[in-house]
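J.: Note that the protein sequences, when read in sequence, are chains A and H.
According to our numbering, the first sequence is numbered sequentially starting from 1229.
According to our numbering, the second sequence is numbered sequentially starting from 1229.
First, the structure itself, so that you have it in front of you.
There are 2 protein chains.
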Amino acid sequence: MGVMTETYSPAQTVEMSGFSLDTLRYYERIGLIEPVRRAAGGHRRYSDDDLGWLDMLRCLRGTGMPIAQMHTFAELVRDGDDTIADRLALLEEHDANVEAEMTRLIELQRKVRDKIAYYRGALAELPVECVRD
Amino acid sequence: MGVMTETYSPAQTVEMSGFSLDTLRYYERIGLIEPVRRAAGGHRRYSDDDLGWLDMLRCLRGTGMPIAQMHTFAELVRDGDDTIADRLALLEEHDANVEAEMTRLIELQRKVRDKIAYYRGALAELPVECVRD
DNA sequence: GTGGGATCTGGAGCGCGCTCCAGGTCAAGC
DNA sequence: GCTTGACCTGGAGCGCGCTCCAGATCCCAC
């Protein structure tokens, strides 16, 4: 009795991965995902491995990695274990980019909040003529 | 002797605002910036006020506000002082969005770093066969 | 007054990342 | 068997935010 590997329909995969059906097919088309196993009739059956990889893509995409770079990463994964150092380097660089982006965001958010504070002040100062009754 | 208000050429404004020349003109075209004062020959002369507004746009745009919403904000500004509460509300909502975005980023960055840690481990475990000399 | 760089205008084009569509096939319930 | 809905493929379309281009004008230095 071999271990039965779970498989998932496209609809289930949409549900579980958070990607749209079109995006799943798109990613497969452009080679971000290896060709997905098919059931007899040609319908896709995603594996747990596929789901894991999709989760990886979600992390990378969700942190702003461009598709071209995800593609590079996918190729490294495909090329086997002796690309691990390269993958690590790529992820570390990405992590640095994310960090920089967050720093930038924090900086600008601070300025937005200054503006908010300014408007709060302005609002407190001039309601003299606003309420009439 | 009236106070001479400074004005800036397009090139200077590019330099100071961080927006490209094309973007400056684009923003003006779509109404994100009020029509900029012109010198005799038709060349733009940006004012300190313009610069201030551009800085505002840079904050909003840089924190991911869509142009449509910046447009809404610009209209509120144009409509005068009794829109201050609305502007405040808009900025506060935006601030909340930025906050949510940062939370999302932090969460995903954590996962990316987990992957990095995983690869570091993998790298430490299998270099047995890698170095041969 | 002439050359060369900055600027002007209106409009077309582009890069990214999907998203949608048409026209057909597959699969499960009645 | 038939219906209905999920799924298939290849390719076109789109929304956003710029970016580029052509052809003309302006302005400053020499």
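From the three backbone atoms N, C-alpha and C, an ideal C-beta is built for every residue, glycine too.
Owing to the predicted nature of the structure, the values given are computational and were not obtained by experimental measurement.
#1: Quick check on M1330 (chain H) - is its C-beta less than 7 Å from some C-beta in chain A?
#2: Should S1248 (chain A) go down as buried or exposed, given a rule of 16 or more other Cβ atoms within 10 Å for buried?
#3: Can you find the residues in the same chain that come closer than 8 Å, C-beta to C-beta, to L1304 (chain A), ignoring five residues on each side of it along the sequence?
#4: Express the C-alpha separation of H1271 (chain A) and M1298 (chain H) in angstroms, rounding to a whole number.
#5: Expressed to the nearest angstrom, what Euclidean distance is found between the alpha-carbon atoms of Q1337 (chain H) and D1277 (chain A)?
#6: Return the CA-CA distance between M1244 (chain A) and G1280 (chain A), expressed in angstroms with no decimal places.
#7: Taking only three categories from DSSP, how would you classify S1275 (chain H)?
#8: In three-state terms, what does DSSP make of T1235 (chain H)?
#9: Does the Cβ of A1302 (chain H) have 16 or more other Cβ atoms within 10 Å, making it buried, or fewer, making it exposed?
#10: Within the continuous alpha helix (DSSP H) that includes I1344 (chain A), where are the two ends?
#11: Distance check for Y1347 (chain H) and L1282 (chain A), CA to CA, integer angstroms please.
#12: Of all Cβ atoms in chain A, is any one closer than 7 Å to the Cβ of I1261 (chain H)?
#13: What separation, rounded to the nearest whole angstrom, lies between the Cα atoms of E1262 (chain A) and G1269 (chain A)?
#14: What is the rounded straight-line gap between the Cα of M1284 (chain H) and the Cα of M1284 (chain A)?
#15: Among all the DSSP beta bridges, which residues are the ones paired with R1286 (chain H)?
#16: Nearest-angstrom Cα distance between S1275 (chain A) and D1250 (chain A)?
#17: Would DSSP call R1266 (chain H) helix, strand or coil?
#18: For T1331 (chain H), count neighbouring C-beta atoms within 10 Å of its own C-beta (all shown protein chains included) and say buried if the count is 16 or more, exposed if not.
#19: Cα-Cα, which of A:Y1255, A:A1239, A:A1350 and A:I1334 is closest to G1308 (chain H)?
T.: Judging by the given coordinates:
#1: Taking Cβ atoms only, chain A reaches closer than 7 Å to M1330 (chain H), which makes this a yes.
#2: exposed
#3: Within the same chain, L1304 (chain A) has close Cβ partners T1311, D1314, R1315 and L1318.
#4: 45 Å
#5: Distance between the alpha carbons of Q1337 (chain H) and D1277 (chain A): 21 Å.
#6: 10 Å
#7: strand
#8: strand
#9: buried
#10: I1312 to E1353
#11: Looking at the two C-alpha atoms, the distance is approximately 18 Å.
#12: no
#13: 19 Å
#14: 36 Å
#15: R1286 (chain H) is not bridged to any residue.
#16: 18 Å
#17: strand
#18: The residue in question, T1331 (chain H), is exposed, as its Cβ has fewer than 16 Cβ neighbours within 10 Å.
#19: A:A1350
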